[in-house]
Amino acid sequence: MPDDRTKIDAALRAARDTRELEIGPGVLGRTTEVFRRQFPQQRAMIVGDRNTMRVAGQAVAKMLDDDQPFVFEDEDLYAEHRFVERLQGYLATRDAIPVAVGSGTINDVTKLAAHGHRRSYMCVATAASMDGYTAYGASITYKGSKQTFDCPAPRAVVADIDIIRDAPPEMTASGYADLLAKITAGADWILADALGIEPINEFAWHTVQDGLLESLAHPLDIEQLTRGLMMGGFAMQAMMSSRPASGAEHQFSHLWDMEHHTHNGKAPSHGFKVGVATLAIAKLYETMLRFDRIEAKGDASVAPTTADIDHLFKPGELRDKAIEETRAKKFSGEHVKRLQRDWPELNMKLRKQLPAIQQLPAMLREAGAPTDPEQIGITKERLRASFRRAYHIRRRFTILDALVMTGLLDRCLDQMFGVGRLQS
Ligand SMILES: [Zn+2]
8 MPDDRTKIDA ALRAARDTRE LEIGPGVLGR TTEVFRRQFP QQRAMIVGDR
58 NTMRVAGQAV AKMLDDDQPF VFEDEDLYAE HRFVERLQGY LATRDAIPVA
108 VGSGTINDVT KLAAHGHRRS YMCVATAASM DGYTAYGASI TYKGSKQTFD
158 CPAPRAVVAD IDIIRDAPPE MTASGYADLL AKITAGADWI LADALGIEPI
208 NEFAWHTVQD GLLESLAHPL DIEQLTRGLM MGGFAMQAMM SSRPASGAEH
258 QFSHLWDMEH HTHNGKAPSH GFKVGVATLA IAKLYETMLR FDRIEAKGDA
308 SVAPTTADID HLFKPGELRD KAIEETRAKK FSGEHVKRLQ RDWPELNMKL
358 RKQLPAIQQL PAMLREAGAP TDPEQIGITK ERLRASFRRA YHIRRRFTIL
408 DALVMTGLLD RCLDQMFGVG RLQS
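Residue numbers (the numbering used here): 8 to 431.
Okay, structure coming up:
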């Protein structure tokens with residue numbers, strides 16, 4: 008098995024935008040040399056918030072000789088388009104390379120703002136809270152709905168483990184949950200590949216999946232966790248698609264974002280939503296894998312119609328999105344037949360990908376992440392309804408599609424939630 012640095016170097020060679028990743032304890036001191044290598048002759052402009060300026064931003068500003076850092080003072084800062092616009096306005100006044108010092112929000116806001124000026128940027132990571140650092144695209148709320156905007160990944164990332172280790176524990180727990188999601192995301196890709204819908208890209212697959220269980224077995228190893236998350240981002244960057252790192256479990260998170268879900272007045276973190284959803288999807292896999300054979304209706308006549316969508320969504324943006332994405336789905340009776348024919352072999356493959364379904368809750372718990380949907384304000388009834396709704400909001404083929412096209416989803420959900428109770 009290649010060592011960690013070899014893996015990172017391979018990922019960098021395949022990366023579209025990122026040329027350098029400095030990761031390890033104490034690497035903050037190398038920020039200057041990284042910046043000079045990537046942006047010779049250019050000036051740096053630090054972007055942070057009050058908190059990230061304190062933990063690393065001030066030091067970086069000093070190193071890179073920036074006496075006018077851009078600091079978001081807002082208490083309610085989140086990845087919203089108005090913050091991107093504000094930063095873009097400031098960038099227009101300075102001929103400098105943005106250096107994002109922070110985690111998900113600061114990185115995504117800077118990524119999109121820099122792209123607005125067709126400038127590359129660099130990132131100094133302050134928490135292992137999600138896998139977006141090295142990913143292509145930024146997840147930003149625009150006109151009330153969360154969207155992924157196309158924009159390049161950073162040219163370079165500095166991830167000082169001494170700083171990341173001191174991040175609030177719930178941020179690290181979120182990152183752990185986002186990494187755990189790669190188990191079900193991988194299972195979904197195996198399904199899509201087996202049915203000839205979306206072939207597995209070997210490089211991206213290995214970048215995410217090799218060593219994954221090993222990293223997950225050590226929730227306290229912050230360096231391994233950070234590296235795992237960076238690798239997820241690299242895989243997405245290489246494919247310019249989130250497929251390698253995101254499956255049905257992420258669709259639950261997107262759905263809850265689009266429903267503007269809050270708990271105790273604020274939106275639960277990406278990782279917390281994804282973690283709870285990973286358990287739900289793993290349970291769905293467990294239920295499906297108990298089938299010796301797939302007793303489908305034979306053709307894809309069970310494919311949902313606009314009437315089904317009308318039943319599930321009120322008129323509005325979410326319903327429009329559901330119609331658009333459902334129409335873009337590309338499965339047919341042929342895929343149903345193929346799933347039935349290849350099920351014994353596929354069942355074994357999926358069991359290998361999902362070796363420890365019963366242990367997943369304990370793993371999340373140990374990492375400090377929620378396991379019960381109620382902990383993030385999602386009732387059991389809503390969780391059950393989310394399986395159908397999540398299916399509709401993304402065209403990506405997942406276990407939800409496999410069960411909808413065979414007419415088996417409700418049967419599985421009845422087994423998971425109990426028949427007659429918890430009606431959606
Ligand atoms: Zn994620």
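Note that CB positions come from ideal geometry on N, CA and C, so glycine has one too.
Could you check which residue in the options has the C-alpha nearest to that of residue i?
i, options, result
"D56", "F42, V131, R37", "V131"
"D72", "I301, E80, R93, P105", "P105"
"G323", "I197, I400, G239, A103", "I400"
"A99", "H122, I113, F79", "H122"
"F210", "H342, L220, A252, R396", "A252"
"Y85", "A363, F298, P275, M355", "P275"
"A329", "Y183, L286, T312, I15", "T312"
"L407", "T386, N354, A287", "A287"
"E341", "M412, M60, L353", "M412"
"R418", "T285, R391, T269", "R391"
"K359", "L198, N208, P377, D102", "L198"
"V91", "K69, L227, T148, Y140", "T148"
"H277", "A180, L202, T13", "A180"
Checking the sheet assignment: what are the DSSP bridge partners for residue i?
i, result
"C130", "A107, V164"
"F298", "BP columns for F298 are empty, so no partner."
"Q154", "I147"
"I30", "A166"
"H270", "K273"
"V343", "Paired residues: none, contrary to the question."
Considering only heavy atoms of ligand 1, does any lie closer than 8 Å to the CB of residue i?
i, result
"V62", "no"
"D138", "yes"
"S222", "no"
"G278", "yes"
"D185", "yes"
"A252", "yes"
"S260", "yes"
"V281", "yes"
"A188", "yes"
"H213", "no"
"H257", "yes"
Do residue j and residue i count as a contact pair if the criterion is CB distance below 9 Å?
i, j, result
"T25", "V164", "yes"
"L420", "F394", "yes"
"L361", "L410", "no"
"I171", "T133", "yes"
"F320", "R396", "yes"
"R162", "Q45", "yes"
"P159", "K118", "yes"
"S110", "A174", "yes"
If residue i and residue j are in contact, beta carbons under 8 Å, what's the gap, nearest whole angstrom?
i, j, result
"D185", "A145", "In fact, because the Cβ distance is near 16 Å, the residues do not count as touching under 8 Å."
"F293", "T191", "At residue 293 the sequence reads Glu, which differs from the Phe that was named. In fact, because the Cβ distance is near 11 Å, the residues do not count as touching under 8 Å."
"G193", "M137", "Their Cβ separation, rounded to whole angstroms, is 18 Å, which puts G193 and M137 out of contact at 8 Å."
"V67", "I53", "6 Å"
"Q244", "A22", "5 Å"
"A188", "V281", "5 Å"
"A142", "G240", "4 Å"
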